[in-house]
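For this note's numbering, add 12 to where a residue sits in the sequence shown, where the first one is 1.
Virtual Cβ for every residue (Gly too), placed ideally from N, Cα, C.
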Amino acid sequence: MIKLKGLEKMSKAQRLAYTKLLLRSQGGTESHPRAIEANAAAIIMAVVEGLNWAGFYWVVEDELVLGSFQGLPACTRISYGKGVCGSAWKENCSQRVEDVENFPGHIACDSASRSELVIPIRKSGELRGVLDLDSPYLGHFTQQDQVAFEEFVEILEGFLYD
């Protein structure tokens with residue numbers, strides 16, 4: 013059982029660290045990848061402020077296919093190189109977008125989203141999926157967020173692929 017007491021007193025840095033702590037505790041008690049993935053999305057939405065969507069897309073042949081998420085219904089398939097998620101896949105690196113309306117080819121699954129952070133998920137260096145985070149606030153994601161969620165994904169990769 014996860015208890016989220018005291019979140020309102022936590023700073024942003026403390027909340028980001030807490031997401032990693034909660035993921036470690038969940039991953040240590042569960043072995044099925046989809047269960048870990050589902051709880052990872054729920055942890056992010058429960059702990060991190062200012063998000064309207066958190067979830068995963070997984071590489072299936074030549075597309076990213078929607079995985080577990082928290083938020084409004086989302087686009088189910090994204091082509092290679094398209095939108096922020098597809099660009100993260102193509103470039104095999106994180107994408108932090110301050111204003112999605114200025115991102116060429118942005119895919120608007122939720123019209124309320126204004127900024128986005130996408131982190132690649134890899135196995136042995138090969139991109140297998142992405143963690144996608146959306147916010148209704150312009151410029152919501154910082155370098156601190158990017159580093160914290162890259163670390164979050166490293167923990168997740170350990171549970172999914174080790």
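Unbroken alpha helix (DSSP H) run spanning residue i, endpoints
i	result
Phe68	Premise fails: Phe68 lies in the beta strand (DSSP E), Trp65 to Val72, not in any alpha helix (DSSP H).
Phe171	Gln155 to Tyr173
Gly39	Lys24 to Gly39
Glu103	Gly95 to Glu103
Contact belief for residue i with residue j at Cβ below 8 Å, rounded distance in angstroms
i	j	result
Val59	Trp70	So it is not a contact: roughly 23 Å between Cβ atoms.
Glu128	Val96	5 Å
Range of the contiguous beta strand (DSSP E) that encloses residue i
i	result
Pro132	Ser127 to Lys135
Ile90	Arg89 to Ser91
Glu113	Element bounds for Glu113: n/a, residue is neither H nor E.
Glu49	Unbroken run through Glu49 is the alpha helix (DSSP H), Pro45 to Val59; no beta strand (DSSP E).
Ser8	Residue 8 lies beyond the range of the chain shown here (13 to 174); nothing can be said about it.
Glu204	Since the first residue of the chain shown is 13 and the last is 174, residue 204 is not available in this structure.
Gly83	Glu75 to Gly83
Within 8 Å, strictly: CB atoms of residue i and residue j
i	j	result
Ala86	Trp65	yes
Ile48	Leu172	yes
Ile133	Glu163	no
Ala50	Ser80	yes
Ser91	Ala100	no
Gly83	Ile167	no
Residue i, buried or exposed, once every other Cβ within 10 Å from all chains shown has been counted against 16
i	result
Arg108	buried
Pro116	exposed
Thr41	exposed
Asp111	exposed
Arg126	buried
Gly98	buried
Asp157	buried
Ser37	exposed
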